[in-house]
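**Student:** Here's a structure for you.
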Amino acid sequence: MGTAYGILAVSVLCVAVHIDNCDLNHNFGYFCRYSRPTFAQKLPVSMSTDRFLMLLYFLPLAAVFVWYVRRQLRKESYSRTTLETAEESGLTEPPTLHPDIDRNVCIGCGNCVAACPEHPEHVVLGMIRNKARLVGPSDCIGHGACKAVCPVDAITLVFGTARRGVDIPQVKPDFETEVPGVFIAGELGGMGLIGTAIEQGRQAMESVIRLVKKPHKNPLDVVVVGAGPAGFSATLAANAANLRIRTIEQEELGGTVAHFPRSKLVLTRPVELPQVGKVKFKEVQKEQLIEFWREVEKKTGIDISYRERVDSVQPTADGFVVQTNRQKYQTRAVLLAIGRRGTPRKLGVPGEEKNKVVYRLTDPEQYRNLKVLVVGGGDSALEAATSIAAESGTSVTLSYRSAAFTRAKLKNREKIERMSQTGQLRVMFNSNVKSIQDDSVTIETAGTVETVPNDAIIVSAGGILPSKFLQSIGITVVTKHGTA
Ligand SMILES: Cc1cc2nc3c(=O)[nH]c(=O)nc-3n(C[C@H](O)[C@H](O)[C@H](O)COP(=O)(O)OP(=O)(O)OC[C@H]3O[C@@H](n4cnc5c(N)ncnc54)[C@H](O)[C@@H]3O)c2cc1C
Ligand code: SF4
225 MGTAYGILAV SVLCVAVHID NCDLNHNFGY FCRYSRPTFA QKLPVSMSTD
275 RFLMLLYFLP LAAVFVWYVR RQLRKESYSR TTLETAEESG LTEPPTLHPD
325 IDRNVCIGCG NCVAACPEHP EHVVLGMIRN KARLVGPSDC IGHGACKAVC
375 PVDAITLVFG TARRGVDIPQ VKPDFETEVP GVFIAGELGG MGLIGTAIEQ
425 GRQAMESVIR LVKKPHKNPL DVVVVGAGPA GFSATLAANA ANLRIRTIEQ
475 EELGGTVAHF PRSKLVLTRP VELPQVGKVK FKEVQKEQLI EFWREVEKKT
525 GIDISYRERV DSVQPTADGF VVQTNRQKYQ TRAVLLAIGR RGTPRKLGVP
575 GEEKNKVVYR LTDPEQYRNL KVLVVGGGDS ALEAATSIAA ESGTSVTLSY
625 RSAAFTRAKL KNREKIERMS QTGQLRVMFN SNVKSIQDDS VTIETAGTVE
675 TVPNDAIIVS AGGILPSKFL QSIGITVVTK HGTA
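For any residue, its number in this note's numbering is found by taking its place in the sequence shown, counting from 1, and adding 224.
Okay, here's the thing in structure tokens:
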């Protein structure tokens, strides 16, 4: 609106300038530039030619004014709808670092809205009553670009909200925790984004290198947990320094990035990747980024143990024992680069160990012509079910233990409703998976047990957050409620 009034002011100014530069002959008390009157003397103006000329100025400017106001109103209405949808779906909590906007300081310039790198794919920030507002909190991933462009410092980047705290482990500037020998890098420490994770992984490993230079009796210098951007970069740095290292990853290379939707445009910044040098990507498709990291993995010969999960870290006389689901490792130092997504929650039913059971959807195409069960009731479960059901030849069942999808976005709920009405997928509310067989799955619904033919299962039942794991190691976790 400020801009709208600005446009109006410019209109008036233009008319004044016109008056000031008028060289027409007239007799109505109008003062032109030849007589150089004061501005006060020029008023009032009353002559038909000038009225016409004034209209000539005013009309286009008034049209621009109206267009601008309507555009702002449309944007505001869109922002309000986005916010209402988020509130209706209970998606009001930002997962990580996010802007806290001081509405008393905000001047409504809209710079933050324009600067958010998630736009237009996700509407994170919007303008309501001429002030910036976090309208899509759950889509905010903590770029922090909004804060950088705010001309009046109305934005503070914070963790958690009054309603939901976010657990942040205490980490020193050299990335060591209060447990000497245990380090943390990447999003787990609170700062999201790929570039930051890569940078922190490299820097944390420099601290590890300083520590393990001193003699110790452990077979390994360091165990890196996680092969997302932070763990990958740390592994390369350790490899360059010839450390005795083991990197353990419960899933696959790339961490959270590997689970981005297909073809997602990843926005990042140029970074220094150990053993590679400057990597200048700014915008790159998820698949290309992962492919690039795979190439680096191959060329450098680093050894990452995939499908291995770290369950505990216990201190010893001069290091730690790291227990995984496969074996124990004795090491001088541990670098935790496990992100914040946690470990996927399991169903805990017989047959869950089969290869056909996965915990995240990567590519719906791979399920063509298959009978698929999706378990869960959040957005990721609904999105997995609808995207697979859209593939040819699929037969999709969505099993959810509650009576309604109250945790999911409206647009996902509507899509499920449409697809189940047209028979493209089947929804089983109040249902629980009981057992998994090679070519079927047994599901119980309100006391009735049914065996459904099945080729693949995707469990989207949320994750177990890393806080408990950190506390079990002795690391203090501080719960932040909207503070930096
Ligand atoms: C939808 C979405 C979009 C995003 N878009 C962007 C973007 O465009 N640009 C950007 O810069 N950032 C983006 N981000 C943020 C970015 O993905 C993360 O900040 C970054 O991946 C953090 O890297 P990390 O290495 O710290 O953790 P992660 O990438 O989360 O990696 C952690 C790894 O640790 C493993 N792990 C966890 N626990 C264990 C265990 N006990 N044992 C063994 N392994 C374990 C996990 O399997 C995982 O592979 C986005 C995030 C999301 C959710
Ligand atoms: S950039 Fe700052 S002043 Fe401008 S709309 Fe956003 S919060 Fe308000």
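We treat Cβ as the ideally placed atom computed from N, Cα and C, and that holds for glycine.
Bear in mind the structure is a predicted one, so any value in this text is a computation, not a measurement.
1. Which of the three DSSP states is assigned to Tyr553 in this structure?
2. What would DSSP say about Asn245, mapped onto helix, strand or coil?
3. If the criterion is Cβ atoms closer than 8 Å, does the pair Ile526 and Gly450 meet it?
4. Could you have a look at Gly350 and say whether DSSP puts it in helix, strand or coil?
5. Taking the alpha carbon of Ile355 as the reference point, which residue from His367, Cys333, Pro318, Gly368 has its own alpha carbon closest?
6. Sorry if obvious, but does the Cβ on Pro453 come closer than 7 Å to a heavy atom of ligand 1?
7. The alpha helix (DSSP H) spanning Val337 covers which residue range?
8. Could you name each continuous alpha helix (DSSP H) segment of 4 residues or more that falls completely within the stretch 557-593, going from the start of the chain to the end?
9. Taking the alpha-carbon positions, what's the His705 to Ile699 distance?
10. Is Glu473 close to ligand 1? I mean its beta-carbon at under 7 Å from any heavy atom of the ligand.
11. For Gln695, which beta-bridge partners are listed by DSSP?
12. Is Ala378 near ligand 2, judged by its Cβ being under 7 Å from some heavy atom?
13. Using a Cβ-Cβ cutoff of less than 6 Å, which residues in the same chain neighbour Tyr583 once the five nearest sequence positions on both sides are dropped?
14. If contact is defined by three or more beta carbon pairs under 8 Å, each pair taking one atom from either stretch, is the stretch 387-405 in contact with the stretch 351-370?
15. Confirm the yes/no value for this check: CB of Gly416, any heavy atom of ligand 2, distance under 7 Å.
16. Flag Gly332 as yes when its Cβ comes closer than 7 Å to any non-hydrogen atom of ligand 2, and as no otherwise.
17. Using a threshold of 8 Å, state whether the C-beta atoms of Val673 and Ser623 are closer than that.
18. So Pro498 is in the beta strand (DSSP E); what residue range does that whole segment cover?
19. What does Met652 pair with, by DSSP beta-bridge criteria?
20. Which residues in the same chain have their Cβ closer than 6 Å to the Cβ of Lys552, if we skip the five residues on either side of it in sequence?
21. Among Gly501, Lys437, Ala608, Asn654, which has the Cα closest to the Cα of Leu460?
22. Please report the straight-line C-alpha distance between Lys510 and Phe282, rounded to a whole angstrom.
23. So what does DSSP say about Gly419, is it helix, strand or coil?
24. Residues in the same chain with beta-carbon distance under 6 Å from Thr675, minus the five sequence neighbours each way, listed in chain order, please.
25. At which residues does the alpha helix (DSSP H) containing Ala356 begin and terminate?
26. At which residue ranges does the stretch 446-498 contain complete alpha helix (DSSP H) runs of 4 or more residues, listed in the order of the chain?
27. Could you work out which residue in Thr555, Arg275, Asp326 is closest to Val448 when comparing CA atoms only?
28. Spell out the partners DSSP gives Leu381 in its beta bridges.
29. Grab me the residues of Ser659's own chain with a C-beta within less than 7 Å of its C-beta, minus the 5 sequence neighbours each way, in chain order.
30. Check each candidate in Ser696, Pro361, Glu475, Arg426 and name the one with the smallest Cα separation from Arg565.
**Tutor:** To lay it out plainly:
1. Here residue 553 corresponds to residue number 329 of the sequence shown, with the count starting at 1. In this structure, Tyr553 counts as strand in the three-state DSSP scheme.
2. As a first step, residue 245 is located in the sequence shown; it is residue number 21 there, counting from the start. A caution first: Asn245 carries a pLDDT of 47, below 50, which makes its placement in the model unreliable, though a value can still be read off. Three-state result, Asn245: helix.
3. Working through the sequence shown from its first residue, we reach residue 526 at position 302. Working through the sequence shown from its first residue, we reach residue 450 at position 226. No; because the gap between Cβ atoms is not below 8 Å, this pair is not in contact.
4. For the purposes of this step, residue 350 is taken as residue 126 along the sequence shown, with counting starting at 1. In the structure shown, Gly350 sits in a strand (DSSP, three-state: E or B).
5. One-based indexing of the sequence shown puts residue 355 at position 131. Looking at the sequence shown, residue 355 is not Ile but Lys. Checked all of His367, Cys333, Pro318, Gly368; the closest Cα to Lys355 is Cys333.
6. Residue numbering aside, residue 453 sits at position 229 when the sequence shown is read from its first letter. Because some heavy atom of ligand 1 lies under 7 Å away, the Cβ of Pro453 counts as near it: yes.
7. As a position in the sequence shown, residue 337 is number 113, starting the count at 1. It spans 335-339 - the alpha helix (DSSP H) in which Val337 sits, taken as one unbroken run.
8. none
9. Indexing the sequence shown from 1 puts residue 705 at position 481. Indexing the sequence shown from 1 puts residue 699 at position 475. For His705 and Ile699, the distance between alpha carbons rounds to 19 Å.
10. The count along the sequence shown starts at 1 and reaches residue 473 at position 249. Yes, since a heavy atom of ligand 1 falls inside the 7 Å radius drawn around the Cβ of Glu473.
11. Residue mapping note: residue 695 aligns to position 471 of the sequence shown, counting from 1. Gln695 is not bridged to any residue.
12. Residue numbering aside, residue 378 sits at position 154 when the sequence shown is read from its first letter. Flag set: Cβ of Ala378 near ligand 2.
13. For the purposes of this step, residue 583 is identified with residue 359 of the sequence shown, where counting begins at 1. Excluding positions up to five away in sequence, the list reads Pro568, Val683.
14. no
15. Position 192 of the sequence shown, counted from the first residue, corresponds to residue 416. Gly416: no, Cβ never under 7 Å from ligand 2.
16. As a first step, residue 332 must be located in the sequence shown, where it is residue number 108. It does: the Cβ of Gly332 is within 7 Å (strictly closer) of some heavy atom of ligand 2.
17. Along the sequence shown, one-based indexing puts residue 673 at 449. Along the sequence shown, one-based indexing puts residue 623 at 399. Contact: no.
18. Looking up residue 498 in the sequence shown gives position 274. That residue, Pro498, is in no beta strand (DSSP E); it is neither H nor E in DSSP.
19. Indexing the sequence shown from 1 puts residue 652 at position 428. DSSP, once it has assigned bridges, lists Ser623 as partnering Met652.
20. By 1-based counting over the sequence shown, the position of residue 552 is 328. Cβ within range, chain order: Val545.
21. Walking along the sequence shown from the start, residue 460 turns up at place 236. Leu460 has its Cα closest to that of Gly501, out of Gly501, Lys437, Ala608, Asn654.
22. Start at 1 with the first residue of the sequence shown, and residue 510 comes out as number 286. Start at 1 with the first residue of the sequence shown, and residue 282 comes out as number 58. Straight-line Cα distance between these residues: approximately 50 Å.
23. Numbered from 1 along the sequence shown, position 195 holds the residue referred to as residue 419. If DSSP states are grouped into helix, strand and coil, Gly419 belongs with the helices.
24. Counted from its first residue, the sequence shown places residue 675 at position 451. Within the same chain, Thr675 has close Cβ partners Ser664, Thr666.
25. Counted from its first residue, the sequence shown places residue 356 at position 132. Ala356 -> not in any alpha helix (DSSP H); beta strand (DSSP E) instead, spanning 355-358.
26. 453-464
27. On the sequence shown, position 224 is the one that residue 448 refers to. Looking at the Cα atoms, Thr555 is the closest of the given residues.
28. Within the sequence shown, numbered from 1, the residue matching residue 381 stands at position 157. According to DSSP, which records beta bridges pairwise, Leu381 is partnered with Pro323.
29. For the purposes of this step, residue 659 is taken as residue 435 along the sequence shown, with counting starting at 1. Around Ser659: Val573, Pro574, Gly575, Thr666.
30. Reading the sequence shown from its first residue, position 341 is the one you call residue 565. Among Ser696, Pro361, Glu475, Arg426, the Cα nearest to that of Arg565 is on Glu475.
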